[in-house]
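Numbering (the working numbering), first residue to last: 4 to 267.
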């Protein structure tokens, strides 16, 4: 997503992200060891949840990124072509993941800019969930069409989030759905929690005071999108301060937390 659109999101979210009362920062339970983060494009996760990811990996948790596209529409320039941009964006994503301590980056290869929440996409994401067997899935909010008066949420974001939630339930845990995955040796799996970024209003916050610098560094790895990244620190710090004010810490990332199954 372009810098202009991302910067406008900050002001838009300030106008719409309201909570009734300040709540304490949240933490993941000790038993939640495997986390799968699903997004549409390279850099989506770095913009939104990478401070939390860096904290989770520092705690010894296993984090996997699943990117539905490789970001071929991440430029309006005649060169590089979208085909030539793909390996660049894949390489940048892997470097950002390395900075964050992410175990694996999975690219599903769908076309950037025209993603739809199809059965095929849901099957692909169900396959990933059954293979990775995460305790927690992180995705964005499919219900948010716009923030404030300045930012229209990218249709790929909404489509991927919708398919991701449908993959979590009912698809990943139901044997009769996508029986072809059973032939691949992929047994059903129940996800315990879903953390939704960009939800309005949020109800959970992760303190990223110790990992904000790592978040900024991970986004700067996407040179094809942020250039020299002189503006990155100010933008991400502003968002983190905004969310931190809602939970009484200096810097935070905000989520809607859904507890689907306690493992009992």
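For each residue, glycine too, the CB sits at the ideal point set by N, CA and C.
Residue nearest to residue 148 in terms of C-alpha spacing, selected from 160, 142 and 46: Along the chain shown, one-based indexing puts residue 148 at 145. Of the listed residues, the one whose Cα sits closest to residue 148 is 160.
Sequence-distant residues of its chain with Cβ nearer than 6 Å to residue 124 (five each side left out): As a first step, residue 124 must be located in the chain shown, where it is residue number 121. Same-chain partners within the cutoff: 166.
Residue 264, buried or exposed, once every other Cβ within 10 Å from all chains shown has been counted against 16: Walking along the chain shown from the start, residue 264 turns up at place 261. Residue 264 should be labelled exposed.
Proximal residues to residue 215 (C-beta, below 6 Å), its chain only, five neighbours per side dropped: Translated into positions along the chain shown, residue 215 becomes position 212. Setting aside the 5 residues that flank it on each side, residue 215 is surrounded in the same chain by 54, 243 and 254, each with a C-beta closer than 6 Å to its C-beta; the list follows chain order.
8 Å contact criterion, which residue 198 and residue 141 should meet: CB distance rounded: Translated into positions along the chain shown, residue 198 becomes position 195. Translated into positions along the chain shown, residue 141 becomes position 138. That pair is a contact at about 5 Å.
Residues near residue 130 in its chain [Cβ-Cβ closer than 7 Å; skip 5 each side]: On the chain shown, residue 130 is found 127 positions in, with the first residue counted as 1. These residues qualify, in order along the chain: 184 and 189.
From 136, 266 and 113, residue whose alpha carbon lies closest to that of residue 75: For the purposes of this step, residue 75 is taken as the residue at position 72 of the chain shown. Of the listed residues, the one whose Cα sits closest to residue 75 is 113.
Chain-order list of residues whose beta-carbon lies under 8 Å from that of residue 27 (same chain, five-residue window excluded): In the chain shown, residue 27 corresponds to position 24, counting from 1. Hits under 8 Å: 250 and 251.
Collapsed DSSP secondary structure at residue 229 in the structure displayed: Within the chain shown, residue 229 is the residue found at index 226, counting from 1. It is helical.
Sequence-distant residues of its chain with Cβ nearer than 6 Å to residue 135 (five each side left out): Walking along the chain shown from the start, residue 135 turns up at place 132. Excluding residues within five positions, the ones whose Cβ falls inside 6 Å are 39 and 67.
Distance between residue 43 and residue 49 (C-alpha atoms, nearest Å): The residue given as residue 49 occupies position 46 in the chain shown. The residue given as residue 43 occupies position 40 in the chain shown. When rounded, the distance between both Cα atoms is 12 Å.
Coarse secondary structure for residue 187, derived from DSSP in three states: In the chain shown, counting from the first residue as 1, residue 187 sits at position 184. If DSSP states are grouped into helix, strand and coil, residue 187 belongs with coil.
Close-in-space but distant-in-sequence residues of the same chain around residue 133 (CB under 8 Å, 5 per side omitted): Position 130 of the chain shown, counting from 1, holds the residue named residue 133. Cβ contact annotation for residue 133 (same chain, cutoff 8 Å, sequence separation greater than five): 175, 184, 189, 190, 191 and 192, in chain order.
Cβ neighbour criterion (16 or more within 10 Å) applied to residue 156: Taking the first residue of the chain shown as 1, we reach residue 156 at position 153. Residue environment for residue 156: buried (at least 16 other C-beta atoms within 10 angstroms of its C-beta).
Exposed unless 16 or more other CB atoms sit within 10 angstroms - verdict on residue 200: Taking the first residue of the chain shown as position 1, residue 200 is located at position 197. Residue 200 should be labelled buried.
Run of the alpha helix (DSSP H) containing residue 110, from where it starts to where it stops: What you label residue 110 is simply residue 107 of the chain shown in a count that begins at 1. Segment 107-113 is the beta strand (DSSP E) holding residue 110; no alpha helix (DSSP H) there.
Span separating the alpha-carbon of residue 230 from that of residue 168: As a first step, residue 230 must be located in the chain shown, where it is residue number 227. As a first step, residue 168 must be located in the chain shown, where it is residue number 165. So the alpha carbons of these two residues sit roughly 33 Å apart.
Cβ neighbour criterion (16 or more within 10 Å) applied to residue 234: Mapped onto the chain shown, residue 234 falls at position 231. The C-beta of residue 234 has fewer than 16 other C-beta atoms within 10 Å across all chains shown, which makes the residue exposed.
Where residue 20 sits in the DSSP three-state scheme: In the chain shown, the residue the question calls residue 20 occupies position 17. With a pLDDT of 49 at residue 20, under the threshold of 50, the modelled position of this residue cannot be trusted, and the question is left open.
Exposure of residue 51, with buried meaning 16 or more beta-carbon neighbours within 10 Å: The residue labelled residue 51 in the question sits at position 48 within the chain shown. Counting every other CB atom within 10 Å of its CB across the protein chains shown gives residue 51 a total of 16 or more, marking it as buried.
Residue range of the beta strand (DSSP E) that includes residue 200: What you label residue 200 is simply residue 197 of the chain shown in a count that begins at 1. Taken as a continuous stretch (DSSP letters only), the beta strand (DSSP E) holding residue 200 covers 196-200.
Delimiting residues of the beta strand (DSSP E) encompassing residue 257: Taking the first residue of the chain shown as position 1, residue 257 is located at position 254. Residues 255-262.
Three-way DSSP call (helix, strand, coil) for residue 50 in this model: In the chain shown, counting from the first residue as 1, residue 50 sits at position 47. In the structure shown, residue 50 sits in a helix (DSSP, three-state: H, G or I).
Residue from 245, 239, 205 and 61 with nearest C-alpha to residue 104: Position 101 of the chain shown, counted from the first residue, corresponds to residue 104. Closest option to residue 104, Cα to Cα, is 61.
Residues near residue 58 by beta carbon distance below 8 Å, same chain, minus five either side: Translated into the one-based positions of the chain shown, residue 58 becomes position 55. Once the five neighbours on either side are set aside, the close Cβ partners of residue 58 are 209, 210, 211, 213 and 214.
Alpha carbon of residue 186 to alpha carbon of residue 34, nearest angstrom: Mapped onto the chain shown, residue 186 falls at position 183. Mapped onto the chain shown, residue 34 falls at position 31. Residue 186 and residue 34: Cα-Cα distance of roughly 30 Å.
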